[in-house]
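Using our numbering, read the sequence shown as starting at 16 and increasing by one per residue. What follows is one structure encoded as structure tokens, with my remarks underneath.
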Amino acid sequence: MHFADLGLSDELLRAVTEAGYSEPTPIQAAAIPQVQMMRDLIAIAQTGTGKTASFVLPMIDILAHGRARARMPRTLILEPTRELAAQVAENFEKYGKYHKLSMALLIGGVQMGDQVKALEKGVDVLIATPGRLMDLFERGKILLTGCTMLVIDEADRMLDMGFIPDIETICTKLPTNRQTLLFSATMPPPIKKLADKFLSNPKSVEVARPASANINITQRLVKVTERGKRDLLVDMLHGFADPTAIIFCNRKTMVRDLAKQLQRAGFAVSEIHGDMDQPSRLKELERFKAGDINILVASDVAARGLDIKGVSHVINYDTPWHPDDYVHRIGRTGRAGAKGDAYTFVTDKDVEAIESVQKLIGTKIDWAQIGDAVRHAEKAEKPAAARDKRTAKRDDASRAPSKTTKAAATPAPKSEPKATKPAKRAPKDDLDGPDDGWNGPMPGFLDFRFDR
Ligand code: ADP
Ligand code: MG
């Protein structure tokens, strides 16, 4: 199938061709006709399958007719994070370059003066995070009664971030005869409930198993001790030929510490997590996209759904606590048909978590053969343990040094480590959650430039 078979306008086809796409992805082929027919839609497809264009393309053609009225956006797209919102805006610019559409971006952490001005003039598309939108709504700055289309993107992420109540409220502010599109990688029960409540007679389209992982990604587990992680990582990074890598940690503090340590070790590193303000997050992302740095240390909230081309490696420095996060993390590589490698560090404490991951994706992940790197990690462990006995005592990994060291020295363990305790959760404020803080009025959408 070609894009031309989808009945898109010539202007749109030109923009799509210039973006370098010849064929629609399966989810695009399935979803676009439904959107064009004005149906409500539930679209489920794993991350990296092109869900964004599934709604952006038909929306552009629909919006080409008619014009915006003051304070009343014609369509609304909800995104869970600032980065995803900015990315969708970028998609509108790319595909809508031959259309004259107006857009506003309402995201936390950036001033909003110009966005509010744009809204007052009237916009065709409003792209927003739920928290920021609610805030503006409560200030009476915006009317959603003219919104004829609502897109709830990355719905499972919205759920993780606690945005479902906000979304429910937002849904009640829109006209009931609107068209509603819901996109998600997975369909947990609360999302199903949301869809039942706010979509009318929706068409469901689904490609591949929910939460199944991309076949272009080679996945490996790496047995390691908590103390051996850093040296192992450094060795692995040295061992990869010219990597562009994202390293995920479960805690924000770990993101910061690890980025510093890697910097000291001479790598071109940056970090991204929910404690950074929006301009710095976007700036770091741009540096990574542009290749100024080739290693990005990230937390889940900051990097989920991000579309960065050419990521060769994803390393889960910590086994994620939520199996869904695993799928989203490794989905940062192997995008748009490219191949990628995903490594997950597994300590004795992660046995349960990695089992949940394997259950979700429906396959066992093989153990890596990283002999040299692993042996190095073993060496590094001893002096560290000797240096500070008190820390060593507190560190679970060093409680049975001979046992764990031996396990780490084996390049490819045949069996998984034995279960000890379930993974402990970090203190709440160290976890990266929704932080859609209002920082006052802000620069216009046009200040966001993603051109390279
Ligand atoms: P998702 O939302 O499903 O995670 P995205 O919409 O972010 O995925 O798209 C993933 C990547 O695929 C992006 O780099 C996008 O530019 C690319 N892409 C989208 N549609 C196509 C297509 N038809 N052909 C090739 N690449 C595409
Ligand atoms: Mg997406």
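Every residue gets a Cβ at the ideal spot worked out from N, C-alpha and C, and that includes glycine. Given the structure is predicted, the values throughout are model-derived calculations rather than measurements.
Output the distance between the C-alpha atoms of residue i and residue j, rounded to the nearest integer angstrom.
{"i": "A119", "j": "D55", "result": "24 Å"}
{"i": "L469", "j": "L375", "result": "Beyond the ends of the chain as shown, which are 16 and 467, falls residue 469; an answer cannot be given."}
{"i": "R63", "j": "G124", "result": "As written in the sequence, residue 63 is Gly, which differs from the Arg given in the question. Going by the C-alpha atoms only, they are around 26 Å apart."}
{"i": "K470", "j": "V326", "result": "Past the boundaries of the shown model lies residue 470; the chain is included only from 16 to 467, so the question cannot be answered."}
{"i": "K218", "j": "L165", "result": "15 Å"}
{"i": "T359", "j": "R245", "result": "13 Å"}
{"i": "D20", "j": "K324", "result": "27 Å"}
{"i": "G81", "j": "S117", "result": "12 Å"}
{"i": "A280", "j": "V249", "result": "8 Å"}
{"i": "A427", "j": "D333", "result": "In this predicted model, A427 has a pLDDT of only 41, less than 50, meaning its place in the structure is not dependable enough to derive any value."}
{"i": "P203", "j": "A170", "result": "9 Å"}
{"i": "E431", "j": "I206", "result": "In this prediction, E431 scores a pLDDT of 41, lower than 50, which makes its location untrustworthy; no coordinate-derived value is stated."}
{"i": "R271", "j": "M87", "result": "41 Å"}
{"i": "T187", "j": "L214", "result": "12 Å"}
{"i": "T240", "j": "T362", "result": "5 Å"}
{"i": "G65", "j": "T144", "result": "20 Å"}
{"i": "F303", "j": "T191", "result": "42 Å"}
{"i": "R405", "j": "T268", "result": "Residue placement at R405 cannot be trusted, given a pLDDT of 37 that sits under 50; the coordinates are not used to answer."}
{"i": "D211", "j": "E183", "result": "12 Å"}
{"i": "G377", "j": "E38", "result": "29 Å"}
{"i": "I92", "j": "V103", "result": "9 Å"}
{"i": "V131", "j": "G137", "result": "10 Å"}
{"i": "G254", "j": "I345", "result": "20 Å"}
{"i": "A34", "j": "R350", "result": "15 Å"}
{"i": "D168", "j": "F18", "result": "22 Å"}
{"i": "M176", "j": "N331", "result": "20 Å"}
{"i": "V372", "j": "L174", "result": "18 Å"}
{"i": "A85", "j": "C162", "result": "12 Å"}
{"i": "D307", "j": "G355", "result": "20 Å"}
{"i": "R347", "j": "A256", "result": "18 Å"}
{"i": "V329", "j": "D339", "result": "15 Å"}
{"i": "F263", "j": "V316", "result": "10 Å"}
Run through DSSP, which three-state label would residue i get?
{"i": "Y341", "result": "helix"}
{"i": "N231", "result": "coil"}
{"i": "R84", "result": "strand"}
{"i": "D55", "result": "coil"}
{"i": "L236", "result": "strand"}
{"i": "K218", "result": "strand"}
{"i": "L159", "result": "coil"}
{"i": "M251", "result": "helix"}
{"i": "V326", "result": "coil"}
{"i": "E286", "result": "strand"}
{"i": "V166", "result": "strand"}
{"i": "V138", "result": "coil"}
{"i": "L311", "result": "strand"}
{"i": "Y1", "result": "With the chain running from 16 to 467 in the structure shown, residue 1 is simply not present."}
{"i": "I179", "result": "helix"}
{"i": "Y358", "result": "strand"}
{"i": "I380", "result": "coil"}
{"i": "A45", "result": "helix"}
{"i": "A60", "result": "strand"}
{"i": "A351", "result": "helix"}
Check the C-beta distance from residue i over to residue j and give it rounded, since I have them as a contact under 8 Å.
{"i": "V237", "j": "A383", "result": "5 Å"}
{"i": "P95", "j": "R172", "result": "4 Å"}
{"i": "L159", "j": "L189", "result": "5 Å"}
{"i": "N231", "j": "W336", "result": "Not a contact, Cβ separation roughly 25 Å."}
{"i": "I122", "j": "R89", "result": "Actually they do not touch by this definition, with Cβ atoms about 19 Å apart."}
{"i": "F70", "j": "F152", "result": "Rounded, the Cβ-Cβ distance is 22 Å, inconsistent with contact."}
{"i": "A46", "j": "V220", "result": "5 Å"}
{"i": "Y110", "j": "I75", "result": "6 Å"}
{"i": "E299", "j": "S314", "result": "Rounded, the Cβ-Cβ distance is 12 Å, inconsistent with contact."}
What residue range does the alpha helix (DSSP H) around residue i cover?
{"i": "I77", "result": "66-78"}
{"i": "M269", "result": "267-279"}
{"i": "S295", "result": "293-305"}
{"i": "S199", "result": "Note, S199: premise wrong, no alpha helix (DSSP H); beta strand (DSSP E) at 194-199."}
{"i": "A30", "result": "25-33"}
{"i": "A100", "result": "97-110"}
{"i": "A260", "result": "Careful: A260 lies outside any alpha helix (DSSP H), inside the beta strand (DSSP E) at 260-263."}
{"i": "M127", "result": "Careful: M127 lies outside any alpha helix (DSSP H) and carries neither H nor E."}
{"i": "L209", "result": "204-213"}
{"i": "P145", "result": "145-153"}
Using beta carbons (cut-off 7 Å, strictly below), is residue i in contact with chain B?
{"i": "V361", "result": "No chain B appears in this structure, which consists of one protein chain only."}
Which residues mark the beginning and the end of the beta strand (DSSP E) in which residue i is found?
{"i": "A119", "result": "118-121"}
{"i": "F18", "result": "Note, F18: premise wrong, no beta strand (DSSP E); not H, not E."}
{"i": "L91", "result": "90-93"}
Taking 6 Å as the cut-off, is the CB of residue i close to at least one heavy atom of ligand 3?
{"i": "T67", "result": "In the structure shown, ligand 3 is absent; the only ligands present are ligand 1 and ligand 2."}
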